[in-house]
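*Asks:* Next up is a structure, given as structure tokens.
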Amino acid sequence: MAERLDVPGEWQRVSMRYALVDSIGSVIGWAVLGIGVTVPIWFANDQQLPMPWGWIPIAAAVVLSIVSAVWAFLRTRTIGYLQRADDLLVRRGMLFRRFVAVPYGRMQIVDITQGPIERMFGLKSLKFVTAAASSAITIPGMPGSTAEELRDHLVAVSESRRAGL
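Start counting the sequence shown at 1; every next residue gets the next number (the UniProt record's numbering).
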């Protein structure tokens with residue numbers, strides 16, 4: 001059975017600067033882990049110079065940082081959203097694709113967040129919570145003005161749709 005993913009309309013993609021934000025976060029995480037594993041190995045050594053295998057965690061962290069950075073650029077290309085008449089369709093994922101249709105009338109909270117690295121690149125993440133307790137959808141990597149405009153639009157449309165309930 002064929003998948004029906006050819007939804008009519010123009011998909012909006014997130015900024016590719018988000019790949020840099022995601023890459024920087026990954027590199028920082030792997031660097032902290034690599035150093036955190038390597039330093040105790042060096043201190044546990046009785047000799048003055050570190051053992052050759054004491055560099056393996058750092059080397060692994062460097063390789064994993066490079067792989068994470070490449071993966072971030074590929075993953076960022078898959079994130080997008082489409083505004084339709086009755087709902088907002090959000091897509092993401094390379095290996096495991098996820099398409100979520102959120103009816104406007106079910107949206108309860110529309111929130112914008114911005115971490116320190118996102119702030120450096122002028123990006124924001126739009127998060128909205130629906131009536132279901134476990135569903136929080138996030139669209140990361142949106143330019144600041146776009147995120148604010150979409151938030152205002154979603155709040156206005158969801159208020160008008162809920163009023164009809």
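Beta carbons: idealized from backbone N, C-alpha and C, even for Gly. Please read all numbers here as calculations on a predicted model, not as lab measurements.
Which residues in the same chain as A72 place their Cβ atom closer than 6 Å to its Cβ, once the five residues preceding and following it in sequence are excluded?
*Replies:* Cβ neighbours of A72 beyond the five flanking positions: A19, D22 and S23.
*Asks:* What does DSSP give as the partner residues of P103 in its beta bridges?
*Replies:* P103 pairs with D87.
*Asks:* For R98, I'd like the list of residues in its chain whose CB is within less than 6 Å of its CB, leaving aside the five on either flank, ordered along the chain.
*Replies:* Hits under 6 Å: R92.
*Asks:* Please state if the CB of Q108 and the CB of K124 are separated by a distance shorter than 8 Å.
*Replies:* For K124 and Q108, no; Cβs fall outside 8 Å.
*Asks:* Is it buried or exposed, A131, if we count other Cβ atoms within 10 angstroms and call 16 or more buried?
*Replies:* When all chains shown are included, A131 counts as exposed.
*Asks:* Per DSSP, what kind of secondary structure is S65 in: helix, strand or coil?
*Replies:* Residue state, collapsed to three classes: helix.
*Asks:* Using only alpha-carbon positions, find the residue among G141, S65 and F128 that is nearest to D87.
*Replies:* Cα-wise, what sits closest to D87 is F128.
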